[in-house]
Structure formats: C-alpha cells, structure tokens
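Peer 1: Before I ask anything, here is the structure I am working with.
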Amino acid sequence: MSKDETTHNPESKTGPTRRQFLGTAGAVAGAAAVGVSPNKAEAAKRDPKRGGTVRFATRADSRGLDQHRNYYYYVSHPLAATSMGLMDLNLKMEPVPGIAVGSEVSKDNKTYTFSLRKGATYHDGADVDAASVKWNFERILDPKIGHPFVRAAIKDFDKMEVVDKWTIRCHLKNPSAVLIPNVTYYPMQLMSPASVANADNHPIGCGPFKFKSWKKFDSTVMERFENWYETDAQGNALPYLDAIVGRPKKEDRVRLTALRTGEVDLIDNMSYADATGFEKKYGDKYNTWDVPQVGTGYIGFNMKNGPMSPKNPHGKLLRQAAAHAINHEAVHQAIFNGLSSSAPAFYSKVSPWHMPEVKRPYEFDPDKARFLIKKAGAVGEAIILTSRDAYAYMHQTGEIVHAMLSEVGLKVQHEIHPYSVLKQKWQKGEFHLDSTANSYRPDPDAWYGRNVYSKSATTKLRTGYVNEKADKLILEAQQTLDKAKRLELYQAVELMVNEEVPMLYTHYIPLLEAGVKSLKGYSPAFAGPYSTQGAGLRASWMS
Amino acid sequence: MLIYAINRILQMIPVLFVLTVVVFTFVQLLPGDVIDTLIGDEQAEDPELRKALEEEYGLDKPIYMQYGIWLGKALQGDFGKSLITRRPISVELFESIPATVYLGLVGIGLSIIIAVPLGSIAAVKRNSATDYAAQVTSLIGISIPEFWFAIMAVLVFSLHLGWLPSSGYVSPFEDLGQSLYYLILPALAVGFRQAAYTTRLTRSSMLDEMNKEYVDTARSLGFSEPKVIYKYTLRNALIPTITISGLQLANLLGGTVVLETIFAWPGIGQAIYLAIIDHDYPLIQAGILVLGIIVVCVNLLVDLLYRVLNPRVALN
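Line order of the protein sequences matches chains A and B.
Using this note's numbering, you'd call the opening residue of the first sequence number 69 and step up by one each time.
Using this note's numbering, you'd call the opening residue of the second sequence number 302 and step up by one each time.
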C-alpha cells in the first residue's frame with residue numbers, strides 16, 4: 069500500500085507513555101545525544117561505504133513541497149527523507165529522540181518540555197532552536213496552512229513557550245499521554261522559518277537528505293545533508309549515500325521492469341502477483357523485503373442511516389450476516405496472492421500493540437449469513453457498497469465482497485469513486501458498506517481515537533459509530549501512561565467493535581520491496597524506506 | 302498567406318473562448334470539490350475552515366465571476382497557482398507540456414517517415430507481394446492497441462534485449478543523446494499505430510491520384526516514372542495524409558495518458574487527469590487552454606502546408 073485514505077486521512081500516531089519515553093530516552097540518551105544508531109554489533113559487520121546514489125522507483129509522488137501544507141507520507145513520498153521532527157521513529161515504529169533529545173512531562177500530563185539537540189541545523193544552516201520549533205507549530209496550527217492531518221496531531225496545544233534557545237515548553241488544553249508520538253517527523257516536519265517564502269518551490273527541512281529538485285511525475289532529487297547528526301556505531305556520519313533519486317512510476321509492473329532493466333535500484337509496492345515467485349526466480353540478482361503491515365483493510369458500515377445502521381432494528385443482524393458472508397481466505401488468495409494475513413483486530417502480530425486475545429468473532433459461514441438475512445427480513449435488500457479507485461486492493465476487495473454478499477441474498481451495487489466523491493457520499497450517508505483501509509498507526513490512539521471514538525471528525529464522517537463505553541475507554545487510554553493498561557483498554561474497545569461490527573477488519577496489507585544486491589544495509593520498517601532511525605536509506609549504501 | 306494566417310489566428314479567439322467556457326462548466330459539474338480534497342477527513346465538519354478556504358481560493362464567488370476573474374488573469378498570462386501543489390500553473394505546465402509535445406511530434410514524425418514511403422510503394426506496386434505485405438502490416442498496426450504494443454516493445458527491447466530503457470524521460474535540453482535514447486520506445490509505440498493508419502491513407506490517396514489525367518499527361522510528355530510518381534503524384538496525394546497527421550498529433554497531445562503511464566512519461570495527460578480527480582480547476586483550465594492553442598496552431602500549420610504542397614489551393 070502506498071498511502072491510503074491514509075492519503076487524506078493519515079492520522080497521527082501516539083507512542084510510548086511518559087515512562088516508556090523517558091525510559092527509551094534514558095537508554096538511548098547517550099547515543100541519541102550524539103545521534104548514534106543502535107545495533108552496534110551488526111553495524112560493525114557491515115563495512116559500509118560512503119557514497120553512491122540510489123534510484124528509487126515509487127508508486128506515488130509527492131503532492132506538493134510545503135511540509136506543513138502537504139505532509140510527506142513516510143512510506144511513499146520521496147521527500148520524507150528531507151524532514152525530521154522533534155521525535156524520530158525506530159524499526160519498531162517506537163518514538164525515539166530526534167531533534168529533541170529529552171523531554172519532561174508534568175504530573176497532570178498537560179505540560180511537555182522538550183530539550184533540543186544542540187548543533188542540529190536546517191539545511192540552510194540555521195539552528196533548529198526553540199524559537200524555530202515554536203514558529204513551526206504555530207504555522208501548522210494555522211487552519212489555512214497546516215494540513216488537517218498534521219494540525220490534528222497538535223490540536224490540543226494551548227500555548228508554546230521558548231524557555232531558552234534549546235528548550236521549548238508546550239502547554240496543552242487537555243491532559244494527554246500521547247503527545248510524544250504526535251511530534252515525530254511524520255507528520256510534524258520541521259522546516260526552516262527563513263524558507264517559508266519559497267516553501268512551495270524549494271523546501272528546507274532538517275532531515276538526513278536535503279532537497280535538490282522536484283519534477284512532478286518525473287523525479288525527486290535529494291542529496292546527503294552533511295550536517296546530519298546521526299552516526300553509525302563506528303562514529304561515521306550518516307547517511308552514507310550521496311543522493312537519492314525518487315522516480316515515480318505509477319504502475320507496479322513498470323517499476324518492476326525498471327528494476328530488472330537496471331534503470332532503478334529499489335522499488336516499492338511490488339504487485340502481490342509478481343512478488344509470489346520473484347524471490348525464487350530472481351533471488352540471485354535482487355533482494356526482496358516485506359514490510360509486514362503497512363496498513364489494515366476493513367469494511368466500514370454506515371451506522372448513521374440505512375438498513376445496516378442501528379436505526380434499523382435488524383441492522384446488527386445484517387452486519388453480522390455480512391461478516392459471516394465474507395470469505396477472508398478468498399480475499400487473501402485472490403487479492404493478496406496469499407501474502408497478507410487475516411485481521412481480527414487493527415494490529416497484527418508484528419506490532420507491539422497486537423492483541424492476541426481478540427479473535428475473529430464471525431467466521432465464514434454463508435448459510436448462517438443467509439439465515440440472518442432471512443431473519444432480518446432483508447432478502448433482496450438493496451445495498452450500496454463503495455470503494456476507492458486509487459488503491460487496487462480496495463476496489464478488488466470490494467468486488468469480491470460484492471459477489472459474496474450477492475451470493476447470500478443481498479442486492480448489492482458496487483460503486484468505485486475517487487476520494488472527493490466518496491467523501492460526499494459518506495457525508496450524505498449514501499452508502500451502506502465501504503471497502504477501505506487505513507495505514508499503520510504507531511500508537512493506537514491514532515486509530516481508535518480517530519476512527520472509533522464517536523466524537524472524532526473521521527468517525528462522524530465515515531461510519532458514524534457511537535458507543536459511549538468505547539468512547540470512555542478511548543478517552544481513558546489517551547490519558548493513561550502505562551502501556552499494559554492502555555493495551556487492555558484498547559483491547560476492550562476492539563472486542564466491542566468486533567461484537568457490534570461497525571467495521572469489519574479484513575486483512576493486514578503487506579508492502580513488498582525489491583532492490584539490487586549492491587544496495588547494502590537496507591532494512592525497511594513500517595515507516596517505509598526513507599526515514600527510520602538507523603535503517604532504511606538513512607543507513608544503507610551502494611557497494 | 303500572411304493575411305490568411307492572421308485571419309486564422311483571429312478565428313482562434315472565439316474557438317478558445319468557447320473551449321474555456323465549456324471546460325469551466327464541466328469542471329463545475331464534476332461531483333466532489335477541491336475543498337473536500339484539501340481538508341480531508343479531519344476538518345470535514347468545520348464550516349468556518351471551508352468558508353475560509355473558499356474565500357482564499359475565490360470559490361465563494363458566483364461561478365460566472367470565478368470564470369471572469371480567471372479569464373481576466375489568463376489574458377494577462379497569469380494562470381494562477383495550482384490549488385494542490387500551490388506552485389504557479391506556468392511551472393506545472395512548463396514541466397509537462399513539452400514532454401507531451403516532444404513525444405507527439407517525434408511519434409507523428411516517425412509515423413510519416415514509415416508510412417509515406419510504404420504507402421507510396423504499395424500503391425505503385427499495387428497487387429504485388431510488397432503491396433500485400435504493406436497492407437497486412439498496416440492492418441496489424443491498426444488492430445493492435447497502442448498499450449499492448451508498448452508493453453511488448455518494453456518486453457522485447459528493454460527486458461530481453463536490453464537495448465533501450467523501459468521507462469523514464471530526459472529533456473532534450475538537458476542531454477539530447479540521452480533524451481533520444483529514452484524517447485525511442487515511446488515514440489515507436491505512438492508512431493507504429495499512427496503509421497498504420499497513414500500507410501493505408503497514403504496508399505489509397507496515391508491510387509486515386511495515379512488514376513487522374515495529369516499523371517497520364519506527364520507520362521505522355523516523357524517524364525520519368527520516378528518523377529511522375531514522386532514529384533507530381535505523391536505531392537498531391539500527401540494532402541489528406543498531412544491533414545490526418547495533423548489531426549493525429551492534436552489527438553495525441555491530450556490522449557497519451559496510457560502511454561505516459563506505461564513509460565512513466567511526465568506528460569500533460571497525467572497532469573490533467575490528476576487535476577480532474579483533484580478538482581484543481583486552474584490547472585485543468587490552463588492545461589486545456591494551452592493544449593487548445595497548440596491544436597489550433599497545428600491545424601493552421603496544416604492548412605499552410607496545403608499551400609506549399611499544392612500552390613493551386615486558395616487560402617482565402
């Protein structure tokens with residue numbers, strides 16, 4: 069998956085609790101202060117070479133250059149390599165020190181004080197100091213400028229205070245245990261205040277690579293930022309690469325062909341059909357990597373109106389019937405070529421937020437689905453199923469679901485639309501089911517707080533799900549520092565979701581990448597190829 | 302000829318005006334709007350933000366006023382900014398239109414280079430093995446979809462033979478050699494199908510011309526056969542060929558989205574397609590207006606070429 073509705077709705081992430089953050093910060097503090105990447109033993113074995121250019125073919129291109137107006141989606145936008153936030157992300161998608169090397173949280177969880185990394189600069193040489201961070205946050209909070217997704221991550225900011233050149237204090241309107249992950253480089257990218265006048269043409273960030281040029285649909289050229297603070301275990305400056313050239317090539321096969329003909333060194337989003345035999349066939353020439361869960365596919369139900377909503381006394385029966393009618397194995401094989409895995413909850417096994425106790429409540433049972441539909445008196449009921457045109461797996465899943473629901477006696481009309489049209493349909497409630505997906509969220513609040521919590525704009529817009537108990541648990545989790553406790557709370561929410569079926573998780577969406585053998589030291593994460601501490605293109609080189 | 306050209310240019314004005322009105326109207330009729338795209342899910346229920354953005358982009362005004370403002374600025378060469386990237390439209394167009402025009406011109410040029418000799422020879426050697434071969438080849442060319450030919454060409458020339466790059470674009474102003482190297486396959490994909498049409502047209506035009514009295518007269522005057530065929534007959538036969546090639550070029554300028562995708566060619570087709578999806582109406586308007594101007598200019602050029610090919614053609 070590249071960006072999903074994630075494109076328009078990628079939501080913020082939350083990460084460790086204060087204790088975890090402070091623990092992480094403490095453990096990594098010495099290293100982080102000088103920006104040393106972890107995995108020393110591994111790094112020592114690697115013998116990296118400085119230099120080289122990686123030509124990277126991606127499915128998506130950046131939409132615009134101003135970091136605050138657009139946000140650079142970490143998985144698929146080449147420009148993600150040019151940005152950094154107060155916090156960074158590691159291979160497990162946990163927030164770790166970035167521009168901020170330490171933080172203190174007040175007892176009431178309403179005041180966060182960040183100590184900034186001395187010596188970190190923007191690509192124009194200006195210091196990334198407290199005043200510039202404050203300027204960035206203020207600009208992001210301007211509704212006419214900040215991208216809604218970016219702005220939502222810090223919407224609870226009340227005021228910011230420059231304590232001294234290297235310390236900034238953020239006062240929140242409400243207590244929050246999830247601010248730390250919200251100020252990672254995605255989406256909270258810091259840009260040089262001096263560059264604002266030309267931000268739409270030449271962005272100046274503070275990430276490991278600096279912007280050189282962007283030609284829409286053609287190329288994004290980025291060069292190594294020599295003053296980047298991160299080093300490897302031997303103390304060599306990162307990144308090793310001289311440059312990255314992003315080459316957007318929309319079609320999966322076009323990217324694969326470009327890799328095989330030597331025109332690019334790395335590709336993302338291999339089609340699932342191509343990936344199946346690729347490693348076996350070409351494993352001697354290319355490396356392949358799986359990013360295990362770049363997102364989660366699900367069917368969202370219209371809970372605001374229509375036959376599947378609570379307004380219909382039999383709405384729940386119909387949602388349960390739909391859940392029984394959908395054969396996850398068929399979707400798994402037909403759409404994902406057996407490369408995904410079925411999703412009983414939002415987080416897969418590889419995530420620190422996985423909930424092993426949450427099981428799929430409704431197994432594939434078409435007879436039971438028929439029975440429930442008959443019981444609901446809905447045989448032949450007209451149902452509108454929507455899906456988005458931009459991502460093949462969304463409308464392909466929609467097509468399969470269409471067939472399966474028709475099989476059990478519903479009269480389904482499947483409509484495939486672009487986002488702006490879908491949005492109008494969601495607003496007007498002119499749909500009953502929606503085949504969609506959401507990109508991986510490092511912190512569960514970014515999923516449950518935005519897509520399940522009834523008062524969030526996204527929940528209101530899409531499913532319209534209302535569950536007061538779930539709301540209470542989500543709000544409690546937002547203010548709970550202990551990770552185990554939070555996991556418990558979210559698990560309780562997930563069980564409610566699975567019982568009431570306002571949405572039905574279908575699959576964990578894998579991201580498959582392939583690259584030439586001469587690309588060394590590359591390890592992708594949930595965060596994609598560009599910007600993961602000590603990984604991705606930040607720590608790889610061309611041999 | 303100069304007066305004719307000026308007249309034609311003046312005639313372009315109402316054509317382009319109607320074009321902009323039609324495009325503007327259709328963009329307004331599209332479901333969804335750009336504000337929805339800009340504000341995403343998060344501020345979907347924020348009427349103040351919607352209002353503020355509508356004011357900022359001038360979308361709060363009546364449609365005819367929006368059109369008038371846009372037209373007024375466009376006449377001064379200011380197409381405004383893309384609502385999505387916020388870069389000047391001129392930058393957006395300058396990046397994408399040359400790539401498409403380049404591909405279109407070379408593709409059509411290639412088709413003429415292939416089709417005119419092939420069609421002429423087929424006509425001259427009517428009902429011979431050469432004629433049948435040319436006819437079968439052009440029939441195949443017409444029958445094969447461009448995208449399939451493009452994919453096969455990539456498979457053979459890039460993947461198996463490794464002679465040519467499979468995708469990408471280099472501007473001829475940056476590196477002409479590399480540019481041509483990257484251009485060959487896309488131009489071949491464009492040119493092959495167009496050549497098939499043009500070959501058949503050239504052949505039939507040549508046959509028509511060869512049956513005319515002036516050809517018999519030329520032969521009776523003792524002119525050599527090559528002179529009769531290539532100096533007199535072909536010249537007249539080329540008029541419909543030039544007309545069709547002009548129309549093909551015009552058609553290619555806006556209609557190469559599929560080939561642009563296959564060859565990752567950063568052309569105007571993709572740009573306008575995405576702009577339509579995003580409701581980025583300043584870009585749609587400007588893109589179509591500029592394409593319209595190019596198409597009208599191509600047609601004018603074709604008309605002027607008639608005169609060159611056949612001085613008897615009156616340009617009034």
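Just so you know, even glycine gets a beta-carbon here, dropped at the ideal spot from N, CA and C.
Starting from the beta carbon of residue 353 of chain B, find every residue of chain A whose beta carbon is closer than 7 angstroms, and list them in chain order.
Peer 2: Under the 7 angstroms cutoff, chain A gives 211, 212.
Peer 1: Could you tell me which chain A residues have their CB closer than 7 angstroms to the CB of residue 578 of chain B, listed as they occur along the chain?
Peer 2: Those are 486, listed as they occur along chain A.
Peer 1: Does any CB atom of chain A fall closer than 8 angstroms to the CB of residue 497 of chain B?
Peer 2: No, its Cβ sits nowhere closer than 8 angstroms to a Cβ of chain A.
Peer 1: Using 8 angstroms for Cβ pairs, my map puts residue 427 of chain B next to residue 502 of chain B. What's the rounded Cβ distance?
Peer 2: About 15 angstroms separates the two Cβ atoms, so there is no contact after all.
Peer 1: If contact is defined by three or more beta carbon pairs under 8 angstroms, each pair taking one atom from either stretch, is the segment 345 to 354 of chain A in contact with the segment 386 to 401 of chain A?
Peer 2: Touching, no.
Peer 1: Looking at the secondary structure, which residues open and close the beta strand (DSSP E) in which residue 483 of chain A lies?
Peer 2: Taken as a continuous stretch (DSSP letters only), the beta strand (DSSP E) holding residue 483 of chain A covers 479 to 485.
Peer 1: Give a yes or no on whether the C-beta atoms belonging to residue 540 of chain B and residue 607 of chain B are separated by under 8 angstroms.
Peer 2: In contact: residue 540 of chain B and residue 607 of chain B (Cβ atoms closer than 8 angstroms).
Peer 1: Measure from the C-beta of residue 446 of chain B to each C-beta in chain A and report whether the shortest distance is under 8 angstroms.
Peer 2: It does not: the Cβ of residue 446 of chain B has no partner Cβ on chain A nearer than 8 angstroms.
Peer 1: Could you list the residues in the segment 311 to 325 of chain A with a C-beta less than 9 angstroms from some C-beta on chain B, going in chain order?
Peer 2: Residues passing the 9 angstroms Cβ filter: 315, 316, 317, 318, 319, 321, 322, 323, 325.
Peer 1: What's the C-alpha gap between residue 558 of chain A and residue 171 of chain A?
Peer 2: Each residue's alpha carbon lies about 26 angstroms from the other.
Peer 1: Would you please verify whether the beta carbon of residue 396 of chain B is less than 8 angstroms from any beta carbon of chain A?
Peer 2: Answer yes: the Cβ-Cβ gap between residue 396 of chain B and chain A drops below 8 angstroms somewhere.
Peer 1: Rounded to a whole number of angstroms, what is the C-alpha to C-alpha distance between residue 549 of chain A and residue 245 of chain A?
Peer 2: Rounded to whole angstroms, residue 549 of chain A to residue 245 of chain A spans 6 angstroms at the Cα level.
Peer 1: Can you tell me whether residue 479 of chain B is helix, strand or coil according to DSSP?
Peer 2: Correct three-state label for residue 479 of chain B: helix.
Peer 1: Measure the C-alpha to C-alpha separation of residue 587 of chain A and residue 608 of chain A and round it to an integer number of angstroms.
Peer 2: Computed Cα separation, rounded: 7 angstroms.
Peer 1: Does residue 565 of chain B get closer than 8 angstroms to chain A when you measure Cβ to Cβ?
Peer 2: Taking Cβ atoms only, chain A reaches closer than 8 angstroms to residue 565 of chain B, which makes this a yes.
Peer 1: To the nearest angstrom, how far is it from the Cα of residue 597 of chain A to the Cα of residue 123 of chain A?
Peer 2: For residue 597 of chain A and residue 123 of chain A, the distance between alpha carbons rounds to 12 angstroms.
Peer 1: Cβ of residue 526 of chain A less than 8 angstroms from any chain B Cβ?
Peer 2: Cβ-Cβ to chain B under 8 angstroms: yes for residue 526 of chain A.
Peer 1: Measure how close the beta-carbons of residue 491 of chain A and residue 337 of chain B come, nearest whole angstrom, since I'm counting them as under 8 angstroms.
Peer 2: Confirmed, Cβ separation roughly 5 angstroms.
Peer 1: Give the straight-line distance between the Cα atoms of residue 593 of chain A and residue 254 of chain A, rounded to the nearest whole angstrom.
Peer 2: Those two C-alpha atoms are separated by around 14 angstroms.
Peer 1: Would a check of beta-carbon distances place residue 331 of chain A closer than 8 angstroms to chain B?
Peer 2: Residue 331 of chain A counts as touching chain B.
Peer 1: Using the beta-carbon of each residue, which ones in chain D are nearer than 7 angstroms to residue 504 of chain B?
Peer 2: This model lacks chain D altogether; the protein chains it does include are A and B.
Peer 1: What's the call for residue 449 of chain A, buried or exposed, on a 16-neighbour Cβ count within 10 Å?
Peer 2: The residue in question, residue 449 of chain A, is buried, as its Cβ has 16 or more Cβ neighbours within 10 Å.
Peer 1: Who are the neighbours of residue 492 of chain A on chain B, taking C-beta pairs under 8 angstroms?
Peer 2: Near residue 492 of chain A (Cβ distances below 8 angstroms), the residues of chain B are 332, 333, 337.
Peer 1: Work out the CA separation of residue 519 of chain A and residue 361 of chain A for me, nearest whole Å.
Peer 2: Their Cα atoms are separated by approximately 18 angstroms.
Peer 1: Please list the segments of the beta strand (DSSP E) lying wholly inside the segment 523 to 596 of chain A, counting only runs of 3 or more residues, in order along the chain.
Peer 2: Those beta strand (DSSP E) runs which fall completely within the segment 523 to 596 of chain A and span 3+ residues are 571 to 584.
Peer 1: Compare the beta carbon distance of residue 371 of chain A and residue 517 of chain A with 8 angstroms and say whether it is the shorter of the two.
Peer 2: Not a contact, by the Cβ cut-off of 8 angstroms.
Peer 1: With a threshold of 8 angstroms, are at least 3 pairs of Cβ atoms found where one atom belongs to the segment 198 to 210 of chain A and the other to the segment 254 to 263 of chain A?
Peer 2: Verdict: yes, contact present.
Peer 1: By a C-beta neighbour count over all protein chains shown, 10 Å radius and 16 as the cutoff for buried, is residue 419 of chain A buried or exposed?
Peer 2: Buried: at least 16 other Cβ atoms inside 10 Å.
Peer 1: Could you confirm whether any beta carbon from chain B is found closer than 8 angstroms to the beta carbon of residue 137 of chain A?
Peer 2: Yes, residue 137 of chain A lies at the interface with chain B (some Cβ there is under 8 angstroms from its Cβ).
Peer 1: May I ask you to list the residues that DSSP assigns as paired with residue 253 of chain A?
Peer 2: According to DSSP, which records beta bridges pairwise, residue 253 of chain A is partnered with nothing at all.
Peer 1: Determine, using beta-carbon pairs with one atom in the segment 180 to 189 of chain A and one in the segment 232 to 242 of chain A, whether at least three such pairs fall under 8 angstroms.
Peer 2: They touch, by the three-pair rule.
Peer 1: If you drop the 5 nearest sequence neighbours on each side, which residues of the same chain put their C-beta closer than 7 angstroms to that of residue 70 of chain A?
Peer 2: Confidence at residue 70 of chain A is low in this model, with a pLDDT of 33, below 50, so its placement is unreliable and the value that follows should be read with caution. Answer for residue 70 of chain A: 127, 128, 143, 144, 337, listed in chain order.
Peer 1: Keeping to the same chain, check which residues put their C-beta closer than 8 angstroms to that of residue 586 of chain B; ignore five residues upstream and five downstream.
Peer 2: Closer than 8 angstroms at Cβ, skipping near neighbours: 321, 324, 325, 328, 371, 375, 380.
Peer 1: Report the partner residues of residue 126 of chain A according to the DSSP bridge assignment.
Peer 2: According to DSSP, which records beta bridges pairwise, residue 126 of chain A is partnered with A/316.
Peer 1: Using the Cβ count rule (16 or more neighbours within 10 Å means buried), how would you classify residue 285 of chain A?
Peer 2: Counting Cβ neighbours within 10 Å, residue 285 of chain A comes out buried, since at least 16 surround it.
Peer 1: Between residue 495 of chain A and the rest of its own chain, which residues show a CB-CB distance below 8 angstroms, the 5 nearest in sequence each way excluded?
Peer 2: Within the same chain, residue 495 of chain A has close Cβ partners 529.
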